[in-house]
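Asker: First the structure, which I've put down as structure tokens, then a few questions once you've had a look.
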Amino acid sequence: MKRVSSHVSIASEAEINLDLSRLLIDKLRFTLERKRSFDEQSWSELTHRQNDGFDSVMQSPAFRTGFESPFSTGTHFGEPSGPHPLVNEAWEALRKSVVYFRGQPVGTIAAVDHASEEVLNYDQVFVRDFVPSALAFLMNNEPEIVKNFLLKTLHLQSSEKMVDRFKLGAGAMPASFKVDRNKSRNTETLVADFGESAIGRVAPVDSGFWWIILLRAYTKYTGDVSLSESPDCQKCMRLILNLCLSEGFDTFPTLLCTDGCSMIDRRMGIYGYPIEIQALFYMALRCALQMLKPDGEGNDFIEKIGQRLHALTYHMRNYFWLDFPHLNNIYRYKTEEYSHTAVNKFNVIPDSIPDWVFDFMPCRGGYFLGNVSPAMMDFRWFALGNCIAIISSLATPEQSSAIMDLIEERWDELVGEVPLKICYPAIENHEWRIITGCDPKNTRWSYHNGGSWPVLLWLLTAACIKTGRPQMAKRAIELSEARLLKDGWPEYYDGKAGKFVGKQARKFQTWSIAGYLVSRMMLEDPSTLMMISMEDDRPVKPTMRRSASWNA
5 MKRVSSHVSI ASEAEINLDL SRLLIDKLRF TLERKRSFDE QSWSELTHRQ
55 NDGFDSVMQS PAFRTGFESP FSTGTHFGEP SGPHPLVNEA WEALRKSVVY
105 FRGQPVGTIA AVDHASEEVL NYDQVFVRDF VPSALAFLMN NEPEIVKNFL
155 LKTLHLQSSE KMVDRFKLGA GAMPASFKVD RNKSRNTETL VADFGESAIG
205 RVAPVDSGFW WIILLRAYTK YTGDVSLSES PDCQKCMRLI LNLCLSEGFD
255 TFPTLLCTDG CSMIDRRMGI YGYPIEIQAL FYMALRCALQ MLKPDGEGND
305 FIEKIGQRLH ALTYHMRNYF WLDFPHLNNI YRYKTEEYSH TAVNKFNVIP
355 DSIPDWVFDF MPCRGGYFLG NVSPAMMDFR WFALGNCIAI ISSLATPEQS
405 SAIMDLIEER WDELVGEVPL KICYPAIENH EWRIITGCDP KNTRWSYHNG
455 GSWPVLLWLL TAACIKTGRP QMAKRAIELS EARLLKDGWP EYYDGKAGKF
505 VGKQARKFQT WSIAGYLVSR MMLEDPSTLM MISMEDDRPV KPTMRRSASW
555 NA
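The numbering of the sequence shown is this note's numbering, which starts it at 5 and goes up by one.
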């Protein structure tokens, strides 16, 4: 296969206008053809047979009913040798984490670690944590728990949201919820946490985005448009979007956030415009655009989304993107430029480029920066933001290939012994003291500071499949299979290569289990990626890359 150059040209405004025009009129349905072998068709062939709207339901009854599926048997990447031993173990562990409310499954708790003395909030259902569990249940034709979760969190959105004496916006979604059981009265109540009990008292910016993304995944996979088109779901989306699209003092289309507002929920120097939030924001906008009904209020938001996507796409693809040529340009920047013709638009001082970047950046490869704001660029590589950029098509096809090239070139650093580094590199010494406030949990190469998180495997797998590199996903899954069950499905791993079980990692972490199952199911049937993936707005036909050892 011919390698795509990582030197990605800056997108023109005309191209983005054309892309967004296509987005706004793309309200057609999609179909999945599952009977043809994945060997007989490229990923592009699969995606070109799908459309992104919800005006009719899918015809295949396999997507709507039944609990037996090819995935419940867990074959070994299509080989007839029987299920991999981890698959059955994983399903058993995942089902033990299911939470019931008044007899109905409504989610999965964060961890079922009976050995831990402190429960903290690991016994709650987290919105972001439930996403891989939801995808696993959908792929196994068990949509009930996903629908119940979406409805319960929707109703919790209307709860009173107070932190001390300050009231949060109406669109804020909870970080988590738990079932409060009163045995004396024989009652059950859902209690939401909007950040008032979280470490640092930070509201989760990503919860609303994940909710919209999951609603689209449910709708695409089941064909049940009645949920997304219901008045309650339409109102919920509008309230979430109203928080994000309100006018203010910002001069950038990106979303301004505080530290600790996402998966990295502790102080890690991501305040400003973190890539994770921007990528999720972009994806949620595109998902909402497909599901909003073009009525009175819906039309207003459709117009706002189109305008924001136009600016956000241009901004992210140009100012957040870094590859070797762009790094060289930044290295040669002049400073204190004043005019509309300024090249160094954010007045970044070249001496602020950390030394490690010059060795880390290969000639072939690239990635989206961790953060870009006035006089500041965070050059760290963040896994979730870059993978979501590929899945959502925030990254152009050329940029997507470059991100995967970088992961291949820096496999030992980013994947290591257990996939996947949440960010790279770790911050340490004086920088660690200043940025984290001497956080004892985020020491170097641990937890959010360069730790390895098994849950990120499903995002890596999705990115690999979408860019036509299933052998990379297969290799990563096999690395995980060598450790996860043996180590008790830990929350994260420590060390530069991710060799050690995290010093404070919970065992039987639910999203570690679900992330593995989703990865396996996606690789066995790549068409399942369609419920989470979004296609680029211009025709793309990537060719599948197969290694010599690949046996599909």
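Every residue, glycine too, gets a C-beta built ideally from N, C-alpha and C.
(1) Contact between the stretch 496–512 and the stretch 111–131 is defined here as three or more beta-carbon pairs at a separation below 8 Å; is this criterion met?
(2) Per DSSP, which one or two residues make a beta bridge with W325?
(3) At what residues does the alpha helix (DSSP H) containing A283 begin and finish?
(4) Check the DSSP bridge columns for Y428 and list the partner residues they point to.
(5) In its own chain, which residues sit with a C-beta less than 7 Å from the C-beta of A292, not counting the 5 before and 5 after it?
(6) Within 10 angstroms of its Cβ, does P401 collect 16 or more other Cβ (buried), or is it exposed?
(7) Name, in chain order, the residues that DSSP records as bridge partners for S377.
(8) Assign A179 to buried or exposed, taking buried as 16 or more other Cβ atoms, counted over all protein chains shown, within 10 Å of its Cβ.
(9) Suppose you measure from the CA of G212 to the CA of Q128; what does that come to, to the nearest Å?
(10) Does E96 come out as helix, strand or coil in the three-state DSSP assignment?
(11) In its own chain, which residues sit with a C-beta less than 6 Å from the C-beta of R622, not counting the 5 before and 5 after it?
(12) Can you find the residues in the same chain that come closer than 8 Å, C-beta to C-beta, to G506, ignoring five residues on each side of it along the sequence?
(13) Which residues bound the alpha helix (DSSP H) around L247?
(14) DSSP three-state call for D197: helix, strand or coil?
(15) Which residue comes first and which comes last in the beta strand (DSSP E) that contains V110?
(16) When you compare each of L98, F170, L90 and S537 to C391 by their alpha carbons, which one comes out closest?
(17) Between the beta-carbon of F374 and the beta-carbon of I439, is there less than 8 Å?
(18) Let me make sure I understand the geometry here. Which of A501, I469, K500 and F181 has the alpha-carbon closest to that of M534?
(19) How about W457 and L424: are their beta carbons less than 8 Å apart?
(20) Hey, L90 and E485: beta-carbon distance below 8 Å or not?
(21) Pull up the distance between the alpha-carbon of S551 and that of Y337, whole angstroms please.
(22) I'd like the span of the alpha helix (DSSP H) that includes S230, first residue to last.
(23) Does any residue of chain C have a CB that is nearer than 8 Å to the CB of N333?
(24) Would you report the Cα separation of L28 and R437, rounded to the nearest angstrom?
(25) State the Cα-Cα distance for the pair P298 and Y275, rounded to the nearest angstrom.
(26) Among F362, R479, L160 and G107, which residue has its Cα nearest to the Cα of E192?
(27) Grab me the residues of V167's own chain with a C-beta within less than 7 Å of its C-beta, minus the 5 sequence neighbours each way, in chain order.
(28) On the DSSP bridge assignment, give the partners of N186 in chain order.
(29) Does the separation of the CB atoms of Y104 and K151 fall below 8 Å?
(30) Tell me the residue span of the beta strand (DSSP E) that contains V103.
(31) At which residues does the alpha helix (DSSP H) containing G506 begin and terminate?
(32) For the pair the stretch 128–144 and the stretch 513–529, tell me if three or more CB-CB distances fall below 8 Å.
(33) Roughly how many whole angstroms lie between the Cα atoms of F305 and G492?
(34) If the criterion is Cβ atoms closer than 8 Å, does the pair I407 and G370 meet it?
(35) Report the option in C442, Y520, H319 and F362 whose CA atom is closest to the CA atom of K478.
(36) Pull up the distance between the alpha-carbon of V195 and that of K239, whole angstroms please.
Answerer: Let's see:
(1) yes
(2) F372
(3) I279 to M295 is the span of the alpha helix (DSSP H), which, as asked, contains A283.
(4) W385
(5) I216, M241, L245 and I309
(6) P401 is buried by the Cβ-count criterion.
(7) M380
(8) Flag for A179 reads buried.
(9) 17 Å
(10) helix
(11) As shown, the chain starts at 5 and ends at 556. That puts residue 622 outside it, with no answer to give.
(12) Contacts found: S450, Y451, G455, P494, E495, Y496, Y497 and D498.
(13) Element bounds for L247: P235 to L249.
(14) strand
(15) Q108 to T112
(16) S537
(17) Correcting the residue identity first, residue 374 is Gly in this sequence and not Phe. Cβ atoms of G374 and I439: not closer than 8 Å.
(18) I469
(19) Cβ atoms of W457 and L424: closer than 8 Å.
(20) Taking the C-beta atoms as reference points, E485 is found nearer than 8 Å to L90.
(21) Bear in mind that the predicted position of S551 carries a pLDDT of just 46, short of 50, making it unreliable; the figure below should be weighed with that in mind. C-alpha separation (whole angstroms): 41 Å.
(22) Its alpha helix (DSSP H) spans residues V229 to S232.
(23) Among the chains in the structure shown there is no chain C, since it carries only a single protein chain.
(24) Residue placement at L28 is flagged as unreliable, the pLDDT there being 47, under the threshold of 50; the coordinate-derived value follows with that caveat. Spanning the two alpha carbons is a distance of roughly 47 Å.
(25) Straight-line Cα distance between these residues: approximately 35 Å.
(26) The candidate whose alpha carbon is nearest that of E192 is G107.
(27) G199, E200 and R205
(28) T191
(29) no
(30) Following the DSSP letters along the chain, one finds V103 inside the beta strand (DSSP E) bounded by residues V102 to F105.
(31) Neither: G506 is in no alpha helix (DSSP H) and is coded neither H nor E.
(32) yes
(33) 45 Å
(34) yes
(35) Y520
(36) 21 Å
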